[in-house]
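Asker: In the numbering used here, the protein residues as written are 1091 to 1228. No residue lacks a Cβ here, since even glycine has one placed at the ideal position from N, Cα and C. Just so it is clear, the structure is predicted and the values come from calculations on it, not from any experiment.
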Amino acid sequence: MSVALAAGMLLGGFASSALLQGTARGYDFWGKDGLRYTGGMDADAAVTGVVLAGGKSRRLGRAKALEHVGGQALIARVCQRLSQVCDGLVVVVAADTDAAALPLPIGTQVVTDLYPDSGSLGGIYSGLEAAGHPWALA
């Protein structure tokens, strides 16, 4: 199973690639015990990007992944950005039929939720299980 480096809603594509590179290559934080923890990974370590696209779109009323920003579908925009900093992509959808409508780059791995209707955490778990590298960015 992969180790998640960061979790967040990247579907909007607002995170910069510089931020993703810095986040994906190491960490530095203070624990509850007052100790400083630092760590990281080799600069050459492979990272899988995990994109969550299995939401029910209750608030928006339509598929958020297909909404356009800057002339591009959000899901395509996120995949394009992640492919710049990751060595592979996994897109998690709620059902196989959901994937057919998504404008995904060729070679993108698509998986369905292992635990349907379990929200974002279930999607992250499904993506990490499918990740082909020891590190993942979700």
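To the nearest angstrom, how far is it from the Cα of residue 1212 to the Cα of residue 1146?
Answerer: For this step, residue 1212 is matched to residue 122 along the sequence shown. For this step, residue 1146 is matched to residue 56 along the sequence shown. Going by the C-alpha atoms only, they are around 14 Å apart.
Asker: Which ranges would you report for the alpha helix (DSSP H) in the region 1161-1198 if only whole runs of at least 4 residues count?
Answerer: 1164-1175, 1186-1189, all fully within the region 1161-1198.
Asker: Which value, in whole angstroms, describes the spacing of the CA atoms of residue 1199 and residue 1125?
Answerer: Here residue 1199 refers to the residue found at position 109 when the sequence shown is read from its first residue. Here residue 1125 refers to the residue found at position 35 when the sequence shown is read from its first residue. When rounded, the distance between both Cα atoms is 39 Å.
Asker: At the 8 Å Cβ level, is residue 1165 part of the contact set with chain C, yes or no?
Answerer: Given the protein chain composition of this structure (a single chain), no chain C is represented.
Asker: What residues in its chain sit with their C-beta under 7 Å from that of residue 1220, if we drop five residues either side in the sequence?
Answerer: Numbered from 1 along the sequence shown, position 130 holds the residue referred to as residue 1220. The answer, listed in chain order, is 1180, 1199, 1201.
Asker: Short of 7 Å in beta carbon distance, which residues of its chain neighbour residue 1223, apart from the five on each side in sequence? Order them along the chain.
Answerer: Along the sequence shown, read from residue 1 onward, the residue named residue 1223 stands at position 133. Correct list, in chain order: 1092, 1136, 1137, 1138, 1177, 1178.
Asker: Excluding the 5 residues preceding and the 5 following residue 1206 in the sequence, name in chain order all residues of the same chain whose CB lies nearer than 7 Å to its CB.
Answerer: As a working note, residue 1206 is residue 116 in the sequence shown. If we look at residue 1206 and ignore the five residues flanking it on each side, its Cβ neighbours are 1184.
Asker: Using CA coordinates, which residue listed in 1156, 1134, 1169 is at the minimum distance from residue 1228?
Answerer: Start at 1 with the first residue of the sequence shown, and residue 1228 comes out as number 138. Checked all of 1156, 1134, 1169; the closest Cα to residue 1228 is 1169.
Asker: From this set, 1197, 1190, 1191, which residue's C-alpha is nearest residue 1173's C-alpha?
Answerer: By one-based count along the sequence shown, residue 1173 stands at place 83. When each option's Cα is compared against that of residue 1173, the closest is 1197.
Asker: Whole angstroms are fine: how far does the CA of residue 1182 sit from the CA of residue 1194?
Answerer: Reading the sequence shown from its first residue, position 104 is the one you call residue 1194. Reading the sequence shown from its first residue, position 92 is the one you call residue 1182. Whole-angstrom Cα-Cα distance: 12 Å.
Asker: Between which two residues does the alpha helix (DSSP H) containing residue 1218 stretch?
Answerer: Here residue 1218 is taken as the residue at index 128 of the sequence shown, counted from 1. Its alpha helix (DSSP H) spans residues 1209-1220.
Asker: Which whole-angstrom value describes the C-beta separation of residue 1192 and residue 1143, a residue pair presumed to lie in contact below a C-beta threshold of 8 Å?
Answerer: For the purposes of this step, residue 1192 is identified with residue 102 of the sequence shown, where counting begins at 1. For the purposes of this step, residue 1143 is identified with residue 53 of the sequence shown, where counting begins at 1. At roughly 7 Å, the Cβ-Cβ gap stays under 8 Å, so residue 1192 and residue 1143 are in contact.
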